[in-house]
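Final position of the first sequence in the working numbering is 841; the numbers increase by one with none missing. Virtual Cβ for every residue (Gly too), placed ideally from N, Cα, C. All figures in this text were calculated on a predicted structure; none of them were measured in a lab.
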Amino acid sequence: MSAQAETDARDDRYQPATIEAKWAERWAADPDMYAAEPASSGKPKYYVLEMLPYPSGQLHMGHVRNYAIGDALARYKWMQGCNVLHPMGWDAFGLPAENAAIKNNTPPREWTIGNIASMKQQMQRLGLSYDWRNEVTTCLPDYYRWNQWFFIRMFERGLAYRKQSKVNWCPQCATVLANEQVVNGCCWRHDDQIVELRNLEQWFFRTTEYAQELLDGLDQLPNWPDKVRTMQRNWIGRSDGAELAFEVVAGEPMQGDAGKEILPASGVTLTGDRITVFTTRIDTIYGATSVQLAPEHPLVTGWAAGDPTLREHVDGMLEQQKAAREGGDLAGLEKHGAFTGHYAQNPFTGELLPVWIANYILADYGTGAIMSVPAHDERDWEFAGKYGLPVRQVVEVPGAENALPVLGEEGAVLVHSGKWSGLACAEARAQLSAEAAAGGYGRATITFRLKDWGVSRQRYWGTPIPMLYCGDCGIVPVPDDQLPVLLPENVAITQQGGSPLAQVPEFVNATCPKCGGPARRETDTMDTFVDSSWYFYRYTSAKDSTAPFDKEAAKYWFPIDQYIGGVEHAILHLIYSRFWTKVMRDLGLITNAEPAERLFTQGMVIKNGAKMSKSKGNVVSPDEMIGRYGADATRMYALFAAPPDRDLEWQEDGVAGVSRFLAKVYRFVQRHSAAALEAGDAALPEQPNADEQVVLRKLHQCIRKITEDFNDRWHFNTCIAAIMELQNVLTGADERFASGAIRPEVTAHVLRRVVLLLAPFAPYMTAELWAELGESGGLLRTPWPAFDEALAKASELEVPVQINGKLRTVIKLAADAGEPAMREAALGDERVLAAIEGKQVVKMIVVPGKLVNLVVR
RNA sequence: GCCCGGAUGGCGAAAUCGGCAGACGCAGCGGACUUAAAAUCCGCGGACCGCAAGGUUGUGGGGGUUCAAGUCCCCCUCUGGGCACCA
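1. Going by C-alpha distance, which of Ser779, Glu34, Val160 is nearest Arg868?
2. Under three-state DSSP, which class holds Ser24?
3. In the DSSP output, which residue or residues are listed as bridge partners for Lys827?
4. Check for me: the alpha helix (DSSP H) holding Leu184 runs from which residue to which?
5. Among Pro497, Arg441, Asp534, Val488, which has the Cα closest to the Cα of Gln466?
6. Identify the residues that DSSP records as bridge partners of Asp224: which are they?
7. Enumerate in chain order the residues of its own chain whose CB-to-CB distance from Ser25 is below 7 Å, with the five nearest sequence positions on each side excluded.
8. Count the other CB atoms within 10 Å of the CB of Glu4; is the residue buried (16 or more) or exposed (fewer)?
9. Using the C-alpha atoms, what's the distance from Pro579 back to Ser517?
10. Can you list, in chain order, the residues of its chain with a C-beta nearer than 7 Å to that of Lys566? Leave out the 5 residues immediately preceding and following it.
11. Under 8 Å, with one C-beta from each stretch per pair, do the segment 673 to 686 and the segment 780 to 798 reach the 3-pair mark?
12. Are Ala328 and Glu185 close, meaning C-beta to C-beta below 8 Å?
13. Can you name the start and end residues of the beta strand (DSSP E) that Asn493 belongs to?
14. List the whole-angstrom C-beta distance separating Gly73 from Glu119, where the pair is believed to meet the contact cut-off of C-beta under 8 Å.
15. Going by DSSP in three states, Asn701 sits in which element: helix, strand or coil?
16. Bridge partners of Gly784, per DSSP?
17. To the nearest angstrom, report how far apart Trp437 and Ser405 are at their CA atoms.
18. Shortest alpha-carbon distance to Met510 belongs to which of Leu337, Gly372, Ile136?
19. Nearest-angstrom Cα distance between Ala414 and Glu380?
20. Would you say Trp445 and Ala81 are within 8 Å of each other, going by their C-beta atoms?
21. Between Asn837 and Pro804, what straight-line distance do the alpha-carbon atoms span, to the nearest angstrom?
22. Around the C-beta of Asp800, are 16 or more other C-beta atoms found within 10 angstroms, so that it is buried, or is it exposed?
23. Who does Met355 pair with in a DSSP beta bridge?
24. Whole angstroms are fine: how far does the CA of Leu416 sit from the CA of Ala503?
25. Mark Asn152 as exposed unless 16 or more other C-beta atoms lie within 10 angstroms of its C-beta, in which case mark it buried.
26. Just to confirm, is the Cβ distance from Trp768 to Gln64 under 8 Å?
27. According to DSSP, is Gly256 part of a helix, a strand, or is it coil?
28. If contacts are defined as beta-carbon pairs under 8 Å, then Met301 and His281 qualify, I think. What distance do you get, rounded to the angstrom?
29. Tell me the DSSP secondary structure of Gly438 in three-state form.
30. By a C-beta neighbour count over all protein chains shown, 10 Å radius and 16 as the cutoff for buried, is Glu821 buried or exposed?
31. When we look at the beta-carbon of Leu254 and count the other beta-carbons within 10 Å, is it buried (16 or more) or exposed?
32. If Asp75 sits next to Leu112, beta carbons under 8 Å apart, how far is it from one beta carbon to the other, in whole angstroms?
33. For the beta strand (DSSP E) that contains Gln329, what are its first and last residues?
34. I need the straight-line Cα distance from Asp176 to Cys170, nearest angstrom please.
35. Could you give the DSSP three-state label for Ser(-14): helix, strand or coil?
36. If we count the other Cβ atoms within 10 Å of its Cβ and call it buried at 16 or more, is Ile844 buried or exposed?
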């Protein structure tokens, strides 16, 4: 036996390694221990969910923090008598597995499954209360077959479709990315990799179909952080405006001063071509002095075919736009344009406006065309200034200076706008839109910034898209009874670009289910955000082989009561999964319109002032912390060091401090457990003595605080601080516990409750102490302690007395002292009398139970 | 440029509704126990003046409201994050 082991064996020191190993083994032998009960249990259901991790192989501190929050909540809810669903799974498809395959020559599947095993072990080591019977692994066919099933359902409804478009291409990922996955023009996985634009034919999900509902739904989610709701609102980007058609004028291009003049409406012939613009300011139509088209606009393409100069301008602008977009600084691009040589007719005035192309007009927003109103739009102002285009002011604030451009609408009215002059802007918009609609050349309309979700990926490690291309029948979905389309094994993975699956003839060559002829399989795979868009439904019946999930089970458990994760998914995962929920509702699979009732986004884990990352070399390994201080102390520090929504600075000394605290509780319970066992279930004495009162008061104040915090504030840092304060009081009364001055019934009452209060935060140590107190049942099924308001109440009040707002003394009063008693006591205090001597008391503020303030002169 | 956070001791932080600023923890200092150390227990820690009692001052900066402001209002600085030519 080593010297250390000898020491350990003979004292009562807290040894987390021993305790945690012992309980981990017992818990592993009881897989039903965290099992949710059936709906028939009659208990209120509570679905607590943490975002599922990508199985990189190693948990990091961000995970530990996320799971410590969720686990504390799950345990608390259990103790509150709820039927809790607390599942975990693996977001197991994705690029790192392919990169690892190239680097280590390990098949992605093998690499991923191995990582899952080690991360699961880490999670179990942390003592997290997951019901592993519902584990979901997205890269397994029994899961991804339902991705395929959903894809086909969406295809049938026109919600999945194929189109050629300009897409974001990350050279490092060697695949395309959705708009949501491009951050500042760079890949979300490679923040130093500028995304290229490529023209490819791709599969899309029609998220725009639900744009309005996704927006409206945000108002039904008061328990989501405002920040997330705002980000989603901005991302969806609803814009109310109008479309307005400008007729293109025929004949030889009429050259004014190279397109810098507005020509009168006389004797014109129309070509039949129309330019439809989108504007939010139709009220400024009389101030339009040109029409601006995106260089990719179809009309421009037509004109450029017969106009080499224009062609050159277009190509140049496209090149600039591309470079700026790829540089991530589209806004910084200098405005640049060219006259097309064509004119279009303002439908309200009949005047002919020069048509320009401009590099700041986006082809993929609105109609790719605008009317330019330099007097009332900053960008148009800048553009007109550069090219000498006319400026016409049509909005002004009467009596004000009205420096151009006039952008505000406060108190503004239309001028020089025909019969609409004098109207306020908003009213003018309504009337002009109606007039345009009546005339057949426009209408009020709404544009969204949200685009359809591009889901094709030219990668191997993802869900195969279940579609076939038949020479005769066209695009044909794989029949349901042939699902899943299995991802073939032993595929050579390259970083060349192009789908690896295309290199596998056995996969590509198939038979058309319609005509029986030869067909080619789709070789792209699905974006992995598809996997995470609905995984939490699968948790409710993960073994179901006949449906993505059991309808009844989903109806019982949904919506998720509390979803917890990082804010980085605010417009990725969290918009996709809201979209998916709405689609599933329309498929009749569920009845809820939103996936999660409450959302909590925890702060980042920081070390030395920066987010932990390999490149900064400031990563703290959870395993190392657990090895040194135990899982309980590691988890608890993650809750103690900061409120959960704020960033957390990891300080190892702090973990040691939490560990010392746990040791203190452990020793205290050990030392007095005999007295507690002796008292058994005996009730508290009717009349606690003074020593007992002090201890009971602190205890019940603590229970009250933690209970209230779990119910709304979630400031676990102050909860843990409150238990520390309680323990400090208990340690101070140690002798009185030992001597019997505090009676065994009280000792039993106190010890049991201290253990219960710590149970959501330190499952291992509390399990050990609970057994030490003679309890055989698990803590999860033990009711959370109730607080006794009478015991929590202070017997004596300390009231600060201020003179002119400055603290002068503190007086002691009976707890129920009213205003007159406070007034009298304050005026009777000798220090107060000394301070006000020779002065006149002008005013006396007495706040019952709080303070007294004397205003003197 | 626009929209959100944040700024409090040497450090992480607390103060929930405008009412004793700094709970709790870390680090530090002093003491007890010990042959000694570790562990543990007790005590002291915003700054300045003072032997002390006590006083002055203090929550990024400047103004304001109030008997009373870390907290509310106005202006500014720094910092983290999100969005960014969306017509």
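The structure says:
1. The structure shown does not extend to residue 868, since the chain is modelled only from -15 through 841, so no value can be given for it.
2. Note: Ser24 maps to helix in three-state DSSP.
3. Beta-bridge pairing links Lys827 to Val839.
4. No alpha helix (DSSP H) holds Leu184; the beta strand (DSSP E) holding it covers 180 to 189.
5. Taking only the C-alpha atoms, the option nearest Gln466 is Pro497.
6. Note: Asp224 sits in a beta bridge opposite Ile430.
7. The beta carbon of Ser25 lies closer than 7 Å to those of Asn67 in the same chain, with the five residues before and after it left out.
8. So Glu4 counts as buried.
9. Between Ser517 and Pro579, the C-alpha separation is close to 10 Å.
10. For Lys566, where only same-chain residues beyond five positions count, the Cβ hits under 7 Å are Tyr194, Glu197, Ala577.
11. Contact check between the segment 673 to 686 and the segment 780 to 798: fewer than three CB pairs, one atom from each, fall below 8 Å, which does not count as touching.
12. Between Ala328 and Glu185, the CB-CB gap reaches or exceeds 8 Å.
13. Secondary structure note for Asn493: its beta strand (DSSP E) is the uninterrupted segment 493 to 495.
14. Their Cβ separation, rounded to whole angstroms, is 6 Å, which keeps Gly73 and Glu119 in contact under 8 Å.
15. Helix, per DSSP.
16. What sits at residue 784 in the sequence shown is Pro, not Gly. According to DSSP, Pro784 shares a beta bridge with Val794.
17. If I take the Cα positions, the gap works out to 44 Å.
18. With respect to the C-alpha of Met510, the residue from Leu337, Gly372, Ile136 having the closest C-alpha is Ile136.
19. Roughly 18 Å between the two C-alpha positions.
20. For Trp445 and Ala81, yes; Cβs fall inside 8 Å.
21. Here the alpha carbon of Asn837 sits roughly 14 Å from the alpha carbon of Pro804.
22. Under this definition Asp800 is an exposed residue.
23. Looking at the DSSP output, Met355 sits in a beta bridge with Val275.
24. Between the C-alpha atoms of Ala503 and Leu416 there is a straight-line separation of about 54 Å.
25. Classification of Asn152: buried, given that the 10 Å Cβ count is 16 or more.
26. One thing to note: Trp768 has its Cβ within 8 Å of the Cβ of Gln64.
27. Reduced to three states, the DSSP call for Gly256 is strand.
28. Met301 to His281, Cβ: 11 Å. No contact.
29. Three-state DSSP puts Gly438 in a strand.
30. It is exposed - the Cβ of Glu821 has fewer than 16 other Cβ atoms within 10 Å.
31. That one is exposed.
32. Between Asp75 and Leu112, the beta carbon gap of about 17 Å keeps them out of contact (Cβ cut-off 8 Å).
33. According to the DSSP assignment, Gln329 belongs to the beta strand (DSSP E) that extends over 321 to 329.
34. Each residue's CA atom was taken as its position, placing Asp176 and Cys170 some 7 Å apart.
35. Only weak support is given to the placement of Ser(-14): the predicted model assigns it a pLDDT of 40, under 50, and the value that follows is read from those uncertain coordinates. Here Ser(-14) sits in coil by DSSP.
36. Residue 844 lies beyond the residue range present for the chain, which begins at -15 and ends at 841; the question has no answer from this structure.
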